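Below: one structure, written as structure tokens.
2 protein chains.
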Amino acid sequence: MSRSDLATQTGLNRSTIRDLIGELADLGLVTEDRGTNSGRGRPSLVARPRPEGAVVLAVELEVDSMTVATIGLGGRIFERVRIVQAPPRTPEDVVSDLERLGTPMIEALPVDHNLAGVGVAVAGVVRRQDGFVHVAPNLGWVNVPLGGLISEAMKIDRVMMANEADLGALAEYRRGAAIGSRHLIYLAGEVGVGIGVINDGKPMLGTAGYAGEAGHTRINPSGRLCRCGATGCWETEVGEEALARLAGISDPEMRADLIGEVTRRAHRGDADIFTALKEIGSWLGVGIGNLINTFNPDLVIIGGFFNELYPFLQEPMKGAANDVSLSAPWESCTIRPSKLGIDAHLIGAAELVFAELIANPSGSGDSTETGAAVLAGNSVIAVSASA
Amino acid sequence: MSRSDLATQTGLNRSTIRDLIGELADLGLVTEDRGTNSGRGRPSLVARPRPEGAVVLAVELEVDSMTVATIGLGGRIFERVRIVQAPPRTPEDVVSDLERLGTPMIEALPVDHNLAGVGVAVAGVVRRQDGFVHVAPNLGWVNVPLGGLISEAMKIDRVMMANEADLGALAEYRRGAAIGSRHLIYLAGEVGVGIGVINDGKPMLGTAGYAGEAGHTRINPSGRLCRCGATGCWETEVGEEALARLAGISDPEMRADLIGEVTRRAHRGDADIFTALKEIGSWLGVGIGNLINTFNPDLVIIGGFFNELYPFLQEPMKGAANDVSLSAPWESCTIRPSKLGIDAHLIGAAELVFAELIANPSGSGDSTETGAAVLAGNSVIAVSASA
DNA sequence: GATTAATTGTTCTGGTCTGCAACAAAATTG
DNA sequence: CAATTTTGTTGCAGACCAGAACAATTAATC
């Protein structure tokens, strides 16, 4: 939460801040009230994001499930629904499911809400602005204009999309465990493993958006064959399949709830599970140590199923990461579990749309509005929302 | 070389460009002449950097040698001298050597020159602005205020310093094989191995400047003990020591000119050398493939001694990199040898000072001058100099 | 309780940066 | 030589933002 003066610590002048906040207030994106104030002097106004001011229909697409939520500015989740569907699913399946789930959720929003758009998190390589899916290996999709399909079906103009790891990083950076950090790595682990990197406060996407495919760095030349065709990839050592194999869980029913089953066994004190988790954690740490050496982040956020198993993975992971990384980068880095947990990717998808909205608040390209972009760039919105 | 209109392709207006170029011309940093012009219409003025307008005393500090050069704006090398000194060398040794070599070089410059400062390339972790050396493992230095010592001894205010790999990246980006690229990795290999990364046109330094220590990523868990204390680091597989070991070169004299000796043997067709180089190249490729997956660069520049041996390393390196990297990032990436070769780090050291100079052309913090900063940010200087 | 000090919102002014449009200059084309 | 094309030059206007002065509102002090 930020009184307008603390907002001045963006380096901008009080008078400038006033204009910008006023502009955003006119658009219904923020509200100002007198906060509970202590200390002398005229009490400052506190600007808070108005969740109804901008709502995003956020979608997370996973191999065998889809999660849909309505998320308001500031990270407020109005409603969330998850459905499980057996793969393979076509783009048409996804669009019709989204229409079926999303429409009533939008109708259930407060009457004075303002729908900002749709944000989608996908494990794959996508074009952000319009949601063109280049490759989504887990879904078996190639070159699918999913954004266009959604936009057409739901009659919503702004449909944006990004890689789930990048969105996890964005979400934790704006609303989660990484607020205040400027150089962070978010580790997303489900079936595959990927990272989202924020470098100097900005997402690192690479030349074509493929950056962060760290799951396929070769970490163990004498390792197993990866589904990517290479040998010894990080994700073959630490991904869900490695966990299932090491834990000896092959029964399809148990496999369907792998993390739950592993957690239960671990809580029972199953020795084999601890061995398996130690192995996973240790390889996890090697990869993280490599990343710490390479990126020198101040923060590594552990997301995905690694987050759910964090208490069991923590020790071997940190041990191995410490072994691998040089002392200087290691000492300037903290490893911390995700704060947003399973909502991270959804919240990131919403933030993606919010960022676009705030960069261009009133329709298209009024240069009058660039002040608000500055404001967003300096993350006053995020700051003011962090309370 | 850029006529002012082509400079407009920085997105700025002709009138704006005019002002900025004029400002830089007043400062003596650029000259304008009518270039040889074809095509109809009024002939455009061509802005070229004026080398004498800003000269940097560039220094490269290596384990057993020091190179000093005077480099003018635009990358012109006026003079270059390299001396070989047996380690260990103290900061005082370095400063007195620099004074001895640098002073006559500065005196030999054109009378109308303008000395912009000193730029130093070091294998280690340093603070850029003032050249404080946190750690320089190869020199055995810890917490040495080298910048201050140089500044004091030579009576030069602006002394800047950076990691040699970061400077190699900067140099190739501005004046070498990476002009036009926005996401590149420069691989520096001597005794140690490090990378310099430019992400979206800006250097990636990490939270404390340690980013790029890729030489100490664990790439082979069953590998050898590294001098960093860990096992299986990339640089134990591909660094100079690995080369000497694999090539069976232990004789101290031959070892002193390792690269020359290896090159001679390779040209003789020595089969053992080819085996060694294939091994090095292959491990080199694994590491590069990992980096391509992680960063999705559009360019990887091979520098250091890998550049000198590039013809022999190229094939196994590219083969392994292709094996390791996913098809999408691999296909959007080119691997190319350094263009600046042994001058890369020196030119980078000069560019470091130029960048500071252009960001703040006339002394300290006249906001009137921020236009020139924009110009530099858009690398018009670099563009205009690329001819 | 009145005064003083401190802090912040508000308003106005002015400066800087930069794009736009109109015009002038200098080349090529026919 | 006229028409066309391209580019340099100039003046103007608008956006952005800082600074100063003032008003508002609270806490501290006597």
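Here the protein sequences come in this chain order: A and B.
According to my numbering, the first sequence is numbered sequentially starting from 129.
According to my numbering, the second sequence is numbered sequentially starting from 129.
The C-beta atom is built at its ideal place from N, Cα and C for all residues, glycine as well.
In this text, all values refer to a predicted model and were calculated from it rather than measured experimentally.
The C-beta of Thr-345/B has 16 or more other C-beta atoms within 10 Å across all chains shown, which makes the residue buried. When the alpha-carbon of Asn-421/A is set against those of Ala-394/A, Leu-267/A, Asp-451/A and Glu-341/A, the nearest one is in Asp-451/A. A residue is called buried once 16 or more other Cβ atoms fall within 10 Å of its Cβ, and Ala-236/A, having fewer, is exposed.
Residues of chain B whose Cβ lies closer than 7 Å to the Cβ of Glu-300/A do not exist; the shortest such Cβ separation is about 16 Å.
Under a 10 Å Cβ-count criterion, Gly-337/B is classified as buried, with 16 or more other Cβ atoms of the shown protein chains found around its own Cβ. Taken through DSSP and simplified to helix, strand or coil, Leu-173/B comes out as strand. Ala-472/A and Leu-468/B have their alpha carbons spaced roughly 45 Å apart. Judged by DSSP in its simplified three-state form, Arg-210/A adopts strand. Per the DSSP secondary-structure output, Leu-298/B pairs with nothing in a beta bridge. Chain B places no beta carbon closer than 7 Å to that of Leu-140/A, leaving this residue out of the contacts. Secondary structure of Pro-215/A (DSSP, three-state): coil. In terms of beta-carbon proximity, Val-414/A lines the interface with chain B, with at least one pair separated by less than 7 Å. At a cut-off of 3 residues, the continuous stretches assigned as beta strand (DSSP E) that sit fully inside the region 413-501 of chain A are 427-430 and 462-465.
Less than 7 Å divides the Cβ of Arg-310/A from the Cβ of Gly-329/A. Taking a Cβ-Cβ cut-off of 8 Å, Thr-403/A has no neighbours in chain B, whose nearest Cβ is about 18 Å from it. Taking 7 Å as the threshold, the shortest C-beta distance from Pro-265/A to chain B does not fall below it. Using a Cβ distance threshold of 7 Å, Ala-249/A and Glu-151/A do not count as a contacting pair.
Within the model, the alpha-carbon separation for Lys-406/A versus Leu-441/A is close to 6 Å. Ala-394/B and Phe-433/B have their C-alpha atoms some 14 Å from each other. Per DSSP, Ala-182/B lies in no alpha helix (DSSP H) segment and is marked neither H nor E.
Per DSSP, reduced to three states, the secondary structure at Leu-353/A is strand. Secondary structure at Leu-315/A: strand, using DSSP grouped into helix, strand and coil.
A straight line joining the alpha-carbon of Ile-475/B with that of Arg-256/B spans about 16 Å.
Using a Cβ-Cβ cut-off of 9 Å, Tyr-314/B is close to nothing in chain A; its nearest Cβ partner there is about 14 Å away. Note that the C-beta distance between Asp-192/A and Pro-215/A is below 7 Å. In this structure, Trp-269/A is the residue among Asn-141/A, Tyr-438/A, Trp-269/A and Val-390/A with its C-alpha nearest to the C-alpha of Asp-221/A. Against chain A, a Cβ distance below 9 Å from Ala-339/B picks out His-311, Asn-327, Asn-421, Thr-422, Phe-423, Asn-424, Pro-425 and Pro-457. Ile-323/A is a Cβ neighbour of Ala-293/A, given a cutoff of 7 Å. With respect to the C-alpha of Ile-429/B, the residue from Trp-362/B, Ala-316/B, Ile-470/B and Glu-341/B having the closest C-alpha is Ala-316/B.
In terms of beta-carbon proximity, Val-272/A stays away from the interface with chain B, with every pair separated by 7 Å or more. Beta bridge pairing from DSSP links Ser-193/B with Val-212/B. Leaving aside the five residues that flank Val-223/A on each side, the residues in its chain whose CB is nearer than 7 Å to its CB run, in chain order, Leu-277, Ile-278 and Ala-281. For the options Gly-275/A, Val-253/A, Gly-259/A and Asp-258/A, the alpha carbon positioned closest to that of Asn-266/A is the one of Val-253/A. Residue pairing for Ile-347/B: DSSP places it in no beta bridge.
The C-beta of Val-319/A comes no closer than 7 Å to any C-beta of chain B. When the Cα atoms are used, Ser-455/B and Phe-482/A turn out to be separated by approximately 32 Å.
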